[in-house]
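Everything below concerns the one structure shown next.
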């Protein structure tokens, strides 16, 4: 578990109508992100129902790229979703964001990726997005279709697959949500077709597109069923081990970020990675205080996690003292050391509001 000396550092980001938000103490990551011979993975766990992670994400990415040269962003989505984020970062065409779950539906996430696109244009070595989780069926299909569309001479099996995907019944038959039995059957059938014709694919696809197909085919995650945590681990381990990059940043649902789970009894992703030779991790989570989360009957639910929830509430005075700002990183050491059983650090987010759907009016 990484230990570091805390120094003050304030980084300000502008988030459109939401004004400025200061994220303090990012300098906590300096020691962890120093050059080393191995691979380093920084994990930040989030609660998917708050806009806080979208507001902070560009600031994290900018800080990490400036200070360390980090370029690999791991996401809790499949390689097909990552394909569309990468296409957007390359082109700036927002149509690619429409195929993603977050930026396609949530205003704050769309704004976040717009900021990253503007920033990425200035980098000599661009950011790349890598998916470690299962693919949504329609997202996978449309990524495959999008890549095939760039080629004039296509094998017959490719033409047939494209015809199926563009047919009138495909959209209504499959989902971009949680894969059901029918979705999984289609994905397995399509992957088998691609594997059976892998030599043909190599002959006409570019090296860049072939790499995306390889990620799709090697992805072990299927859905939310048993075995997902192991699949996330196997995908993450393979991606990091095979990459020429040495530093990685993963934003993921916080249940996967715990070194020891609070309520579950299985080893989470962070625990598994922490036990993997050659990969060191620093893992933490956003905790929400006086912050809105989702909605119940159109009324926001307000979270008070450091004051009301275990195990944090037992340390509320200490955490409150260490985290006076709107966004504050707190290392779990000294009086907070017992909490290092679960995480290396926490990021306290105060006074947050729930996210805005793109088809809703902004708050």
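In the numbering used here, the protein residues as written are 115 to 477.
For every residue, glycine included, the Cβ atom is placed at its ideal position computed from N, Cα and C.
Tell me whether residue i sits in a helix, a strand or coil according to DSSP, three-state version.
i	result
residue 115	Confidence in residue 115 is poor, its pLDDT being 40 and thus under 50, which makes the residue's placement unreliable; the coordinate value appears in the next sentence. Reduced to three states, the DSSP call for residue 115 is coil.
residue 71	Residue 71 lies beyond the range of the chain shown here (115 to 477); nothing can be said about it.
residue 175	helix
residue 446	coil
residue 278	helix
residue 190	coil
residue 395	strand
residue 241	coil
residue 342	helix
residue 153	strand
residue 290	coil
residue 196	helix
residue 215	coil
residue 380	coil
residue 372	coil
residue 203	helix
residue 327	helix
residue 425	coil
residue 431	helix
residue 266	coil
Does the Cβ-Cβ distance between residue i and residue j come in under 8 Å?
i	j	result
residue 365	residue 189	yes
residue 442	residue 138	yes
residue 193	residue 266	no
residue 395	residue 351	no
residue 416	residue 406	yes
residue 363	residue 215	no
residue 458	residue 392	no
residue 307	residue 263	no
residue 456	residue 168	no
residue 283	residue 289	no
residue 376	residue 401	no
residue 261	residue 175	no
residue 191	residue 257	no
residue 346	residue 383	yes
residue 81	residue 182	Any property of residue 81 remains undetermined from this structure, which presents the chain solely from 115 to 477.
Suppose the cutoff is 7 Å on Cβ atoms and the five residues either side in sequence are ignored; what does the same chain contact list for residue i look like?
i	result
residue 314	269
residue 357	186
residue 222	165, 168, 169, 469, 470
residue 349	246, 333, 334, 335
residue 162	367
At a Cβ threshold of 8 Å, is residue i touching chain D?
i	result
residue 443	Note that chain D does not occur in the displayed structure, where there is just one protein chain.
For residue i, collect the residues of the same chain with a Cβ closer than 8 Å to its Cβ; drop the 5 residues on either side in sequence, then sort them by chain order.
i	result
residue 444	139, 433, 436, 437, 450, 459, 460, 461, 462
residue 123	With a pLDDT of only 28 at residue 123, under 50, the local geometry of the prediction cannot be trusted, and the value read off the model is given with reservation. Taken in chain order, the residues that qualify are 138, 139, 140, 141.
With which residues is residue i paired in a DSSP beta bridge?
i	result
residue 439	None; residue 439 has no bridge partner.
residue 462	401, 442
residue 363	156, 187
residue 164	468
residue 220	471
Could you name the residues of the same chain whose beta carbon sits closer than 6 Å to that of residue i, not counting the 5 residues immediately before and after it, in chain order?
i	result
residue 202	210, 211
Pairs of beta-carbons, one from the region 193-209 and one from the region 218-236, closer than 8 Å: are there three or more? Output reads yes: the region 218-236 touches the region 193-209.
Does the region 331-339 come within contact of the region 145-155, defined as at least 3 CB pairs closer than 8 Å? Contact fails: fewer than three Cβ-Cβ distances are below 8 Å.
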